[in-house]
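Read the structure below first, then the notes.
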Amino acid sequence: MTAIAEGTANLDSSLRENRVFEPSQEFRAKAHISSLEQYEQMYRRSIEKPEEFWAEAASELEWFAPWTRVLEPGRDGSGFGAKWFTGGKLNLSHNCVDRHATGSRRDKVALLWEGEPGDVRKLTYADLHAEVQRFANVLKGLGIHKGDRVAIYMGMCPELAIALLACARIGAVHSVIFGGFAAHAIVDRVNDSSCVALITQDTSYRRGSEIHLKKIADEALEQCPTIKNVVVYRRTGTPVQMKPGRDVWWDESMLAAEKECPAEWMDAEDPLYLLYTSGTTGKPKGLLHTTGGYAVQTYLTSKYVFDLHEEDVYWCTADIGWVTGHSYVVYGPLQNGATVMMYEGAPNWPECDRFWKIVDAHKVSIFYTAPTAIRAFTKWGVEHVRKHSLASLRLLGTVGEPINPEAWMWFHREIGKERCPIVDTYWQTETGAIMIAPIPGAVPTKPGSATRPFFGIVPEIVSKEGQPITDGKGGLLVFRTSWPSLARAVYGNPERYEQAYWVEVPGSYFTGDGARRDADGYYWLMGRVDDVLNVSGHRLGTMEVESALVAHAKVAEAAVVGRPDDLKGQAICAFVTLEEGHIASDELKQEIRQWVAKEIGALARPDDVRFTEALPKTRSGKIMRRLLRELASGGEIKGDTTTLEDFTVIAKLRENEE
Ligand code: WT7
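For what it's worth, full-length UniProt numbering labels the leading residue of the sequence shown as 1, then goes sequentially.
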């Protein structure tokens with residue numbers, strides 16, 4: 001484990017940060033929660049009487065049958081093995097769609113979508129209801145049943161949201177694979193959970209060119225024996241190969257499908273979806289989210305953290321391929337009956353002002369994005385922003401990594417025009433929903449801090465031994481008590497679930513993050529303390545990249561570490577030793593970088609590849625990662641880049657320190 005103090009690059013500046021921003025009177029006037037006292041009183045009640053609190057929240061949704069118990073505590077009262085809303089029956093698709101389509105929001109726009117070429121589609125709740133039901137029948141027609149796993153590999157289009165909601169409607173467990181992942185990543189994920197079907201599209205637009213999703217899927221499916229059917233949505237019309245007996249077109253199947261499909265009664269603890277994420281060891285793990293608790297917490301966090309109101313146009317820029325898209329593009333906002341903006345393409349296509357154009361064109365009022373995107377905007381220059389009014393915005397949010405105070409201030413000034421509160425939301429794929437974030441009309445913000453816990457959440461900062469750490473000092477961030485939207489399992493691997501989250505700090509859920517709490521009870525995230533990288537807000541295991549590297553014929557051994565990067569947060573630095581007979585060269589460097597992109601996806605392409613004679617190891621054979629991290633952060637590689645570096649000498653000098 002990395003020393004906590006190493007943290008992230010922004011730690012220094014956030015330690016000196018002492019600015020405080022109060023929500024404006026104007027924002028407060030119509031906020032759901034409008035004073036610090038109100039937040040504190042609700043928070044106190046939520047942790048003193050969690051069952052009462054969460055039951056009240058759950059009652060705002062529709063249940064087919066009531067729960068018998070709100071919370072069955074897990075081991076030692078922790079979240080490990082805890083169950084929520086036992087006996088309760090509900091359907092999340094029903095709560096996202098039917099509840100609104102059959103009520104007053106029938107003609108309200110649910111999905112407001114813009115394609116990269118500029119085409120716009122608006123689906124009302126009634127439209128969404130019709131589409132989701134029909135597509136649910138398409139899935140049923142393919143013999144897909146409750147509990148079956150369905151992989152989804154698509155770009156950002158309304159049909160992706162429809163696919164999720166249709167699966168949820170019939171109780172099929174969706175497993176979304178980010179459209180930027182390569183064929184290998186599909187193979188691993190599909191096979192790990194024996195998916196029976198895959199939903200994809202011909203191609204998708206990205207930065208003016210096309211991503212050939214169907215073609216990549218076809219390549220992967222050669223190694224996926226459990227897939228019986230593939231449904232292909234026609235997005236661009238680019239011709240693709242269809243395999244007879246296996247592949248069907250989305251549009252043709254829809255025409256043939258029945259209109260009505262009643263929602264399956266799901267048990268609160270029935271699986272809803274799988275989502276794969278990187279860990280410190282092995283291949284990505286399939287986190288399993290269940291229905292009831294996940295529904296309630298995504299619903300309530302959306303309502304309060306984004307202060308959703310009837311007239312809002314809400315835009316979370318995350319891809320549905322990540323958990324942020326699951327919880328805050330689809331399930332959270334739709335349960336609230338919101339109008340959800342969706343955009344297909346790149347933020348800098350055709351120009352660097354595309355996002356701001358969208359904000360003005362569609363009168364976006366809530367804008368939720370990632371610090372890495374904000375840092376890119378700052379680099380592209382304010383002139384792109386200042387061309388647009390952005391007057392419709394009233395609330396901004398960030399997620400995915402710690403935000404450096406400089407980027408926060410830019411966001412506040414240039415996008416929020418010093419008028420919009422910023423909610424820095426801390427959470428994880430595993431937590432399912434937001435854990436630490438300001439309630440915008442109530443909690444004053446400090447640039448770089450995720451501020452205070454959401455209702456019902458009790459963060460603690462502890463030492464490796466589980467002892468409490470005094471305020472102001474860094475430690476491990478854990479959660480001792482249970483919360484509803486926690487992932488219940490790693491698919492097919494109970495030991496890995498226990499090992500990864502419940503062993504490091506006994507009796508608590510261990511996040512893998514370092515953090516400190518200040519005298520006002522504000523939390524400051526300090527980055528991962530394990531071998532997980534955060535590249536542009538995306539999680540990547542060093543092990544995964546290393547496995548891809550050593551799969552290259554010319555690579556003998558590899559060690560991957562992160563180094564601070566102004567734009568991406570962390571950049572990937574790979575130290576590589578070559579097989580006998582191969583010579584280090586710039587061409588080989590490029591070849592290896594491309595290889596990793598091809599194996600995992602472009603987001604895993606190493607920024608630096610450094611050839612070395614040998615990797616520095618301790619006497620017991622452990623790679624000295626701390627040393628490599630220091631070397632990686634040391635800036636430019638000295639001298640001729642093609643020559644081999646020799647770290648063994650430094651390693652020997654250092655060995656006693658490790
Ligand atoms: C890791 C989780 C949750 C959606 C996106 C990422 C980091 C996330 C913040 C934040 C500081 C953050 C943590 C966490 N992280 N949000 N607001 N401040 N760090 O989900 O891929 O599961 O990654 O992202 O390190 O452990 P994920």
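For glycine and all other residues, C-beta sits at the position ideal for the given N, C-alpha and C.
Since we're looking at a predicted model, the values are computed, not measured.
Heavy atom of the ligand HEM within 6 angstroms of residue i beta-carbon
| i | result |
| --- | --- |
| V399 | In the structure shown, the ligand HEM is absent; the only ligands present are the ligand WT7. |
Residue i vs residue j beta-carbon contact at 7 angstroms
| i | j | result |
| --- | --- | --- |
| V462 | V505 | yes |
| P468 | P23 | no |
| V230 | R246 | yes |
| A370 | G400 | yes |
| V70 | E51 | yes |
| I623 | V609 | no |
Cα-Cα separation between residue i and residue j, rounded to whole angstroms
| i | j | result |
| --- | --- | --- |
| K214 | T542 | 29 angstroms |
| T470 | P438 | 22 angstroms |
| R45 | F53 | 7 angstroms |
| H174 | A130 | 20 angstroms |
| C573 | L142 | 45 angstroms |
| S59 | K303 | 14 angstroms |
| V555 | V576 | 7 angstroms |
| E114 | L164 | 19 angstroms |
| I177 | V561 | 25 angstroms |
| E465 | Q499 | 16 angstroms |
| R16 | V323 | 32 angstroms |
| A161 | H100 | 16 angstroms |
| R106 | A361 | 23 angstroms |
| E264 | R134 | 14 angstroms |
| M154 | S204 | 8 angstroms |
| P244 | G381 | 51 angstroms |
| G325 | D312 | 18 angstroms |
| A407 | A376 | 10 angstroms |
| P347 | P284 | 28 angstroms |
Proximity to residue i [Cα-Cα], best of the options
| i | options | result |
| --- | --- | --- |
| G77 | P244, V458, G474 and V364 | V458 |
| P564 | R528, V382 and E587 | R528 |
| R386 | G416, Q25 and A183 | G416 |
| V305 | E351, A450 and H384 | A450 |
| G180 | G432, D360 and I152 | I152 |
| V132 | L588, H412 and C167 | C167 |
| T431 | D360, W356, L275 and L615 | L275 |
| P444 | S14, L15, Y39 and K30 | Y39 |
| L396 | P158, T339 and V359 | V359 |
| P271 | R149, R452 and A584 | R149 |
| E159 | K589, R234 and A602 | R234 |
| H212 | Y523, N534 and T200 | T200 |
| S485 | S209, F80, Y43 and C352 | F80 |
| A602 | A548, T226 and N18 | A548 |
Where residue i falls: helix, strand or coil (DSSP)
| i | result |
| --- | --- |
| W54 | helix |
| V458 | coil |
| T238 | coil |
| S204 | strand |
| G286 | strand |
| S175 | strand |
| R19 | coil |
| C96 | helix |
| F306 | coil |
| Y522 | coil |
| I170 | helix |
| K598 | helix |
| K357 | helix |
| P494 | helix |
| H538 | strand |
| R383 | Checking the displayed sequence, the identity of residue 383 turns out to be Glu instead of Arg. In the structure shown, E383 sits in a helix (DSSP, three-state: H, G or I). |
Neighbourhood of residue i by C-beta distance below 7 angstroms, restricted to the same chain and skipping five residues each side
| i | result |
| --- | --- |
| S34 | R28, G441 and A442 |
| K83 | E72 and E269 |
| G88 | W63, A65, P66, W67, A268 and G292 |
| T301 | G332, A433, I434 and F454 |
Same chain only: Cβ atoms within 6 angstroms of residue i, ignoring 5 sequence neighbours per side
| i | result |
| --- | --- |
| I637 | The predicted model places I637 with a pLDDT of 47, which falls under 50 and marks its position as unreliable; any figure quoted below should be read in that light. Closer than 6 angstroms at Cβ, skipping near neighbours: no residue. |
| G635 | Reliability fails at G635, whose pLDDT of 49 lies under 50, so the model's placement of it is uncertain and the value that follows must be treated cautiously. Cβ neighbours of G635 beyond the five flanking positions: none. |
| S536 | T372 and K568 |
| Y501 | Y509 and F510 |
| I216 | A183 |
| Y314 | P333, A338, V340 and I366 |
| D127 | none |
| V248 | V231 |
Contacting residues, own chain, Cβ-Cβ under 8 angstroms from residue i (five flanking each side not counted)
| i | result |
| --- | --- |
| E460 | P468, L477, V478, F479, R480 and S508 |
| D192 | Y276, K283, G286, Y491 and G492 |
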